[in-house]
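Undergrad: UniProt numbering numbers the first residue of the sequence shown as 1 and each following residue consecutively.
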Amino acid sequence: MSGKLFIVATPIGNLKDITLRALEILESVDWIACEDTRHSKKLLQHFGISKPLISLHDHNEQAKKTELLVKLQAGENGALVSDAGTPLISDPGYHLVSYLRESGLRVEPIPGPSAVITALSAAGMPTDRFTFEGFLPAKEQKRLSALQALLAESRTMVFYESPHRLMESLGSMMSVFGEERQIAVAKEITKQFERFVFGSIQQVIEQFDSNEEWQRGEFVIIASGVEEKDSQQEDYDGLIKALLAQSLHVKQISEIVGEFYNVSKKAVYQRVLTLK
1 MSGKLFIVAT PIGNLKDITL RALEILESVD WIACEDTRHS KKLLQHFGIS KPLISLHDHN
61 EQAKKTELLV KLQAGENGAL VSDAGTPLIS DPGYHLVSYL RESGLRVEPI PGPSAVITAL
121 SAAGMPTDRF TFEGFLPAKE QKRLSALQAL LAESRTMVFY ESPHRLMESL GSMMSVFGEE
181 RQIAVAKEIT KQFERFVFGS IQQVIEQFDS NEEWQRGEFV IIASGVEEKD SQQEDYDGLI
241 KALLAQSLHV KQISEIVGEF YNVSKKAVYQ RVLTLK
């Protein structure tokens, strides 16, 4: 009988957040596939668990998936963990899980910590509908394009960001979303120096500029969505599309629509870019 792969969530900072079920599974499996064997070894040693570790990361996942399939088909049970939180959420594992599912193997999730949900629960933003966007592109133009595509998004948006790109990403958000868009930045969640910074994008940037030590750590950025389109926007969307069909320049369209409907030309400009 084939074995089973368990997808095991591990703490994102505070080791006390490990679940009893996660410990039970990690103690019972034959091997553990992990993103960084050195990192996972420390976690397992803390809980007195000793198991064979198999490196599984972005660069070797395609090659390793067949090896792990053979082990499971032989009746072994395995676990997949990431460096922190729930595996596959902006972490390796998708190719493996998809391959095992297609091969008829059993994959069982062991729920636990997730930076997305943990940050969202304390951010004070609407949570009835949200979208997780992962990491923004490193290159500025691609990052701006990705944000432009989200300009009309009405759901709360959740992003991951690393310390060396935090300020660049916040700057890009302000360029696209405007200075007044409300955001929350969660830093080092569940760790000793956990901090939530709230306010408009401009206010948050000013706070981080004034406290450079806050720029160290891992971050979750949560941005409010725009209000659902009202009837006026539906009206001027039609005019924008008609003017675009006439090949008018974006700035010219913004001036015409802004004056005709007595709305912010800057807001119309951003809407034209979205519809273009």
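Every residue gets a Cβ at the ideal spot worked out from N, C-alpha and C, and that includes glycine.
For Gln182, does the count of other Cβ atoms within 10 angstroms reach 16, so buried, or fall short, so exposed?
TA: As a working note, residue 182 is residue 182 in the sequence shown. Classification for Gln182: buried.
Undergrad: Could I get the ranges of all uninterrupted beta strand (DSSP E) runs contained in the region 142-201, with 3 residues as the minimum, in chain order?
TA: If we require 3 residues or more, the beta strand (DSSP E) runs fully inside the region 142-201 come out as 156-161, 182-187, 195-200.
Undergrad: If you reduce the DSSP assignment to three classes, tell me which class Ala122 lands in.
TA: Looking up residue 122 in the sequence shown gives position 122. The answer is coil: DSSP assigns Ala122 none of H, G, I, E or B.
Undergrad: Given a cut-off of 9 angstroms, decide if Thr86 and Thr190 are closer than it, judged by their beta-carbon atoms.
TA: Residue mapping note: residue 190 aligns to position 190 of the sequence shown, counting from 1. Residue mapping note: residue 86 aligns to position 86 of the sequence shown, counting from 1. Their beta carbons are not under 9 angstroms apart, which means Thr190 does not touch Thr86 by this criterion.
Undergrad: From the DSSP output, in three-state form, read off Ser224 for me.
TA: Position 224 of the sequence shown holds residue 224. In this structure, Ser224 counts as coil in the three-state DSSP scheme.
Undergrad: Hey, could you find the ends of the beta strand (DSSP E) Thr131 is sitting in?
TA: Reading the sequence shown from its first residue, position 131 is the one you call residue 131. Counting along the chain, the beta strand (DSSP E) containing Thr131 begins and ends at 130-135.
Undergrad: What separation, rounded to the nearest whole angstrom, lies between the Cα atoms of Val204 and Arg21?
TA: As a first step, residue 204 must be located in the sequence shown, where it is residue number 204. As a first step, residue 21 must be located in the sequence shown, where it is residue number 21. Taking the straight line from one Cα to the other gives about 39 angstroms.
Undergrad: Between which two residues does the alpha helix (DSSP H) containing Val272 stretch?
TA: Position 272 of the sequence shown, counted from the first residue, corresponds to residue 272. Residues 265-275.
Undergrad: Throw me the rounded Cβ distance for the Met174 and Gln202 pair, which I believe falls under 8 angstroms.
TA: Position 174 of the sequence shown holds residue 174. Position 202 of the sequence shown holds residue 202. Met174 to Gln202, Cβ: 6 angstroms. Contact.
Undergrad: From Asp128 to Lys251, what does the alpha carbon distance come to, in whole angstroms?
TA: By 1-based counting over the sequence shown, the position of residue 128 is 128. By 1-based counting over the sequence shown, the position of residue 251 is 251. Approximately 36 angstroms, taken between the alpha carbons.
Undergrad: I think Leu136 touches Val176, with their Cβ atoms under 8 angstroms apart; what is that distance to the nearest whole Å?
TA: As a first step, residue 136 must be located in the sequence shown, where it is residue number 136. As a first step, residue 176 must be located in the sequence shown, where it is residue number 176. Going by Cβ atoms, the distance from Leu136 to Val176 rounds to 11 angstroms, so no, they are not a contact pair.
Undergrad: Can you name, in chain order, every residue of its own chain whose Cβ lies under 6 angstroms from the Cβ of Arg106, other than the five neighbours on each side?
TA: Counting from 1 along the sequence shown, the entry for residue 106 is found at position 106. Excluding positions up to five away in sequence, the list reads Lys4.
Undergrad: What's the call for Glu61, buried or exposed, on a 16-neighbour Cβ count within 10 Å?
TA: Mapped onto the sequence shown, residue 61 falls at position 61. Looking at its Cβ environment, which holds 16 or more other Cβ atoms inside 10 Å, Glu61 is buried.
Undergrad: So, helix, strand or coil for Ile7, using DSSP?
TA: Working through the sequence shown from its first residue, we reach residue 7 at position 7. Residue state, collapsed to three classes: strand.
Undergrad: Counting C-beta neighbours from all protein chains within 10 Å, is the total for Met125 16 or more, i.e. buried, or is it exposed?
TA: For this step, residue 125 is matched to residue 125 along the sequence shown. It counts as buried.
Undergrad: Going residue by residue through the region 90-122, where are the continuous alpha helix (DSSP H) segments of at least 4 residues, counting only ones entirely within it?
TA: Taking only runs of at least 4 residues, the alpha helix (DSSP H) segments lying wholly in the region 90-122 are 94-102, 115-121.
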